[in-house]
Structure formats: structure tokens, C-alpha cells
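Peer 1: Below: one structure in C-alpha cells.
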Ligand code: GLA
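Residue numbers (my numbering): 1035 to 1492.
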């Protein structure tokens, strides 16, 4: 059943972190906080790199989030500060918001949310705001800290300008507006940040966006482990290269299938328009595509387009120079992974006695496919996943964009203590640089709640 997302505005319940943020805000700006907004990070359990191809994914929100304290004024400036001194203060006039793609610093993610909501709601002039942001999601670790910041800023902007929109609408706007910083993500992170509910993972489907509860087995625990290699999606082109490879693969498959290929952008559209099952779509990949990488010339010839059309209509800004494209491998991953998501959901729904084993196998296959076909893992992440399996996980895989960041493992509840001990001993302790990072890098997680605005109430 598709559930209704919980309320966006909730009464504040006091806690230490909020109290500290309140004090930091008052000290910084010498005035009281008007409201708070928060948006969580996420861990994706299965369904990697397929949201932007039109396929459903299966994440859950984590407890770690971005929390902002806000006051509103009529100065038409936006003042930002962060409780982490690594992130500098920033002030901008609300009518001249510019996002520097070549320099993806923290404030630009915030401004993506501001600008996206401003444009969507057509608010002008924007209310002036003062904000102090406090984040607990480890940055560049694949747990979606940047999207949570965008979502939090979107929520802040909506509330500061006295507007009200549904969580689904906010998720859609925030997914689009992250493109201002140059990443072409598919919407999973923003959707789960808004639509999450405590105690349940979600199957997130797109077009139209909807979220369905997925009850995870009680006898398993999910553990996040950071391999401590940092990856910033916006600062490298790996991510957008994959997006473009999938787009080209979709067009080549569409053309071979006699579809109006110019209008096709996503692999899911090919499957749908040709009326294929995912299994059949995989067969089509075998028939139509070859494993050797495609050169630009070959793509141009196959699609019957000019080099200019390739640049203008298919490639993104930071993929203009890519010399070759692995279409077969990427399409195989996408159709295979899309099928694994559906199997994962159906195992959770039917809850057979060996559910944990079956889910674990799906997670392991997902990791292998990410590593070998999608090539979005890295040596340390593969090593960490292997250690997690040796330590007793029934399933372990990279989560998020990859090329660094975190793994997620499913561990039988009774093995959790020895699992944590072994991963610590084998991955973190042998490397002096990792020992200091370990505290925030290995933790048990359970499905957390979604974005919310907190008011003090009367
Ligand atoms: C990033 C993107 C998401 C998704 C994942 C990979 O987190 O923002 O939309 O594509 O990578 O699954």
C-alpha cells in the first residue's frame, strides 16, 4: 500500500542538539530562532544508479540529518553560517543568487534549494533569512549529505516565505534543483529525504513519484561502514559519464527497436515502449550492444547524427571530452539491478523463512554488478565489503553513488557484536589514518523519519 507521508510541520521536542543550535544561533545573530527545519540523509539498500534511468529504488532515511535554525527579516539578504567551522559563513543578496558549478562548496548546495523553491513558487522578492546549519551526515560518503542540505534549504525557503507545499512536490523540486550544481542525479535522495517514515524502508517509484512501505525482516540489522575514501559527485565527472552512457545506450537500443529514439532518454522508456520484461530487456542488450566500448564516431554513425548534435543534445557540460562509452555493461547493470529491486521488495513482502539469506544474495549480486559492470566501486570499498562478509554479514554492498563512501551490510541480529568487532579490527585498526575516523564510520542504522519543520508552538 502506498502510504500518505506524515505531516511536514511538527511541534518541537527539546533535545540537546537543538538546544546547542539555538544557543549558537542567538550568539551569532543576537536574535531568537523563528523555526527549525531538518532533512535526513539516506542509505540505499538496493537499486544503485537506476533512478535516473527511470527505475524504482529501495532506500531508507538514516538518523543523521541536516538541521537548520532560521529567522526571517526584510533585508533581502540570505546569511548562512555552519556549526562546523570547516564551512565558512556566507552572505548573498536574495535577488542575485549565483551557483558556482566549478566550485561545489557547501553554501551552493543550500542555494540550489533556495533558488529551486523560489523559481517553482515564483516568489519575488524572497524573504531575507538568517540560518545556522548543523549537519551530522558524514560528507562525501554516499549518505547523501549534499541532497539533504538542498532539501533542508528548500524547506527553509518555503517556510520563510510562508508557503505550503506537499512533500511529494518538494521532493520533485529539490531533485531538479540539484542540477544547478551540475549533477544529474535521479531523485532518489531527495525523495527519501522527504517521504521517509520512521520504522520502514521505502520503495520509491518515479513518474509519478510515489513511496511504498517495505517492511524489513526483524531478525536482521543494517550496518553502515565508511571506507573513508571521499567522493564528491559534483567535483568529478564519473557520475555524469554514467548518466550519459545510459542515455546513449537507451537511444541505441530504441533505434534498433524501431522507436522514435530522439525522444527516448531513459532505459526504462525503451523497456516500456517495446513492451519487454526486464529479462527480455537484458536479452535485447545481448543482441544489440557489444561489450567493446563505443567510440564517439561509432555513436555518431549508429544514431546518424553529427558531432555537434552529440555534444549539444546528448552529452552534459562535464562529459564533452569523454572519448568512449561502455553501453553494454551499463545497460546490463541497469536492467539487472531494476529486477533485483523488485525481487527484494517481494521477498520482504512475502517474508519466507529464508528471507534474510535471499535478501543478502540480492545485495551481494548488486555489489558485484556495481563493481564489474557499472565500475562505480573502488579498491577500498571492495575490500571493506569483503571484510563485512567475512565478519558475518549475509549481504554487503556499496551504497550511494560509489567510487568511495559507504557500504551497507545486512547482519543477523545475533551476530552484530562480533560483526562490529571484526570489521573494526580488520578494516579500521590496521590503518592509523582510519582509527581516528572510525567513530563516525561504522554504525548500526534503522529507518528514520523524513524532513520536517519544527516550530516552538504557543
Ligand atoms: C547519487 C544520486 C542518486 C542516485 C545514486 C546512485 O546519490 O544523487 O540520484 O543516482 O547516486 O544510485
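All C-beta atoms in this analysis are idealised placements derived from N, C-alpha and C, irrespective of residue type, glycine included.
(1) From this set, 1238, 1477, 1295, which residue's C-alpha is nearest residue 1462's C-alpha?
(2) Does residue 1041 pass the burial test, meaning 16 or more other C-beta atoms within 10 Å, or should it be called exposed?
(3) For the alpha helix (DSSP H) containing residue 1451, name the first residue and the last one.
(4) Would you kindly check if the distance between the Cβ of residue 1096 and the Cβ of residue 1484 is under 8 Å?
(5) Let me know the alpha helix (DSSP H) ranges lying completely inside the segment 1234 to 1321, each 4 residues or longer, listed in chain order.
(6) Terminal residues of the continuous alpha helix (DSSP H) containing residue 1199?
(7) What's the C-alpha gap between residue 1352 and residue 1123?
(8) Identify which residue in 1253, 1382, 1207 has its Cα closest to the Cα of residue 1494.
(9) Taking 7 Å as the cut-off, does the CB of residue 1245 come closer than this to any heavy atom belonging to the ligand GLA?
(10) Please confirm if the segment 1336 to 1348 is in contact with the segment 1407 to 1414, defined as three or more CB-CB distances below 8 Å between the two stretches.
(11) Less than 8 Å between the CB atoms is what I'm expecting for residue 1100 and residue 1171, so what's the real figure, rounded?
(12) At a cut-off of 7 Å, would you count residue 1078 as near the ligand GLA, judging by its Cβ distance to the nearest heavy atom?
(13) So residue 1447 packs on residue 1253, CB below 8 Å; how close in whole Å?
(14) Alpha carbon to alpha carbon, how far is residue 1231 from residue 1458? Give it in angstroms, no decimals.
(15) Excluding the five sequence neighbours on either side, which residues of its own chain have a C-beta within less than 7 Å of the C-beta of residue 1131, listed in chain order?
(16) To the nearest whole angstrom, what separates the beta carbons of residue 1113 and residue 1164, a pair I think is in contact under 8 Å?
(17) Between the alpha carbons of residue 1492 and residue 1068, how many angstroms are there, rounded?
(18) Assuming residue 1416 is part of the alpha helix (DSSP H), what are its boundary residues?
(19) Relative to the ligand GLA, is the shortest distance from any of its heavy atoms to the C-beta of residue 1435 smaller than 7 Å?
(20) For the alpha helix (DSSP H) that contains residue 1520, what are its first and last residues?
(21) Here's the rule I'm using: 16 or more other beta-carbon atoms within 10 Å means buried, otherwise exposed. How should residue 1341 be labelled?
(22) What number of angstroms, rounded off, separates the C-alpha of residue 1285 from the C-alpha of residue 1178?
(23) Could you tell me whether the segment 1182 to 1198 touches the segment 1230 to 1247, where touching means 3 or more Cβ pairs closer than 8 Å?
(24) Any chance the CB of residue 1094 is under 7 Å from a heavy atom of the ligand GLA?
(25) Pick from 1414, 1218, 1488: whose alpha carbon is nearest that of residue 1468?
(26) Examine the ligand GLA and report whether any of its heavy atoms sits within less than 7 Å of the Cβ of residue 1220.
(27) Does the Cβ of residue 1181 lie closer than 7 Å to at least one heavy atom of the ligand GLA?
(28) Excluding the 5 residues flanking residue 1092 on each side, which residues of the same chain have their C-beta closer than 8 Å to its C-beta?
(29) For the candidate residues 1437, 1057, 1454, whose alpha-carbon lies nearest to that of residue 1271?
(30) Of all the options 1251, 1155, 1250, 1175, which has the alpha carbon lying nearest to the alpha carbon of residue 1207?
(31) For the alpha helix (DSSP H) holding residue 1392, just list the boundary residues, first then last.
(32) When DSSP labels each residue in this structure, what does residue 1136 get in the three-state scheme?
(33) With DSSP as the reference, please indicate the residues paired to residue 1444 in a beta bridge.
(34) Between residue 1325 and the rest of its own chain, which residues show a CB-CB distance below 6 Å, the 5 nearest in sequence each way excluded?
(35) For residue 1111, write down the residues that DSSP places opposite it in a beta bridge.
(36) Could you check what DSSP says for residue 1078 in three-state terms: helix, strand or coil?
Peer 2: According to the structure shown:
(1) Looking up residue 1462 in the chain shown gives position 428. Comparing Cα positions, the closest option is 1477.
(2) The sequence position of residue 1041 within the chain shown is 7, counting from 1. By the neighbour-count rule (16 or more Cβ atoms within 10 Å), residue 1041 is not buried but exposed.
(3) Start at 1 with the first residue of the chain shown, and residue 1451 comes out as number 417. That run of the alpha helix (DSSP H) goes 1450 to 1457.
(4) Within the chain shown, the letter at position 450 stands for residue 1484. Within the chain shown, the letter at position 62 stands for residue 1096. Contact: no.
(5) 1272 to 1290, 1301 to 1308
(6) Numbered from its first residue, the chain shown carries residue 1199 at position 165. No alpha helix (DSSP H) contains residue 1199, which DSSP labels as neither H nor E.
(7) Position 318 of the chain shown, counted from the first residue, corresponds to residue 1352. Position 89 of the chain shown, counted from the first residue, corresponds to residue 1123. About 28 Å.
(8) Because the chain in this structure spans residues 1035 to 1492, residue 1494 falls outside the shown range and cannot be described.
(9) As a working note, residue 1245 is residue 211 in the chain shown. Residue 1245: no, Cβ never under 7 Å from the ligand GLA.
(10) no
(11) Your numbering for residue 1100 matches position 66 in the chain shown. Your numbering for residue 1171 matches position 137 in the chain shown. Residue 1100 to residue 1171, Cβ: 7 Å. Contact.
(12) Position 44 of the chain shown holds residue 1078. Yes, the beta carbon of residue 1078 sits closer than 7 Å to at least one heavy atom of the ligand GLA.
(13) Mapped onto the chain shown, residue 1447 falls at position 413. Mapped onto the chain shown, residue 1253 falls at position 219. The Cβ separation is near 5 Å, so the contact holds.
(14) Locating residue 1458 in the chain shown gives position 424, counting from the first residue. Locating residue 1231 in the chain shown gives position 197, counting from the first residue. Roughly 30 Å separates the two Cα atoms.
(15) The residue labelled residue 1131 in the question sits at position 97 within the chain shown. Excluding positions up to five away in sequence, the list reads 1145, 1148, 1149.
(16) If you number the chain shown from 1, residue 1113 lands on position 79. If you number the chain shown from 1, residue 1164 lands on position 130. Right, the Cβ-Cβ distance comes to about 5 Å (below 8 Å), so this counts as a contact.
(17) Indexing the chain shown from 1 puts residue 1492 at position 458. Indexing the chain shown from 1 puts residue 1068 at position 34. Unreliable placement is indicated for residue 1492, whose pLDDT of 45 sits below 50; the coordinate value is still reported in the next sentence. C-alpha separation (whole angstroms): 12 Å.
(18) For the purposes of this step, residue 1416 is taken as the residue at position 382 of the chain shown. 1413 to 1424 is the extent of the alpha helix (DSSP H) around residue 1416.
(19) What you label residue 1435 is simply residue 401 of the chain shown in a count that begins at 1. Under cutoff, so the answer is yes.
(20) As displayed, the chain neither begins before 1035 nor continues past 1492, which places residue 1520 out of reach and without an answer.
(21) Here residue 1341 is taken as the residue at index 307 of the chain shown, counted from 1. Answer is exposed; the Cβ neighbour count stays below 16.
(22) On the chain shown, position 251 is the one that residue 1285 refers to. On the chain shown, position 144 is the one that residue 1178 refers to. Cα to Cα, residue 1285 sits roughly 29 Å from residue 1178.
(23) no
(24) Counting from one through the chain shown, the residue named residue 1094 turns up at place 60. False, no ligand heavy atom lies under 7 Å from that Cβ.
(25) By one-based count along the chain shown, residue 1468 stands at place 434. When each option's Cα is compared against that of residue 1468, the closest is 1414.
(26) Within the chain shown, residue 1220 is the residue found at index 186, counting from 1. For the ligand GLA, at least one heavy atom lies less than 7 Å from the Cβ of residue 1220.
(27) Here residue 1181 refers to the residue found at position 147 of the chain shown. Yes, the ligand GLA has a heavy atom inside 7 Å of this Cβ.
(28) Start at 1 with the first residue of the chain shown, and residue 1092 comes out as number 58. Only 1078, 1079, 1080, 1081, 1235, 1236, 1237, 1238, 1248, 1375, 1378, 1379 meet the Cβ criterion.
(29) Taking the first residue of the chain shown as position 1, residue 1271 is located at position 237. Comparing Cα-Cα distances from residue 1271 to each of 1437, 1057, 1454, the minimum goes to 1437.
(30) Working through the chain shown from its first residue, we reach residue 1207 at position 173. Cα-wise, what sits closest to residue 1207 is 1155.
(31) Residue numbering aside, residue 1392 sits at position 358 when the chain shown is read from its first letter. Its alpha helix (DSSP H) spans residues 1389 to 1406.
(32) Taking the first residue of the chain shown as 1, we reach residue 1136 at position 102. Reduced to three states, the DSSP call for residue 1136 is coil.
(33) As a working note, residue 1444 is residue 410 in the chain shown. Answer by DSSP bridge pairing, in chain order: 1256, 1429.
(34) Along the chain shown, read from residue 1 onward, the residue named residue 1325 stands at position 291. Excluding positions up to five away in sequence, the list reads 1362.
(35) Position 77 of the chain shown, counting from 1, holds the residue named residue 1111. Bridge partners of residue 1111: 1127.
(36) To locate residue 1078, count along the chain shown from 1; it is residue 44. Here residue 1078 sits in strand by DSSP.
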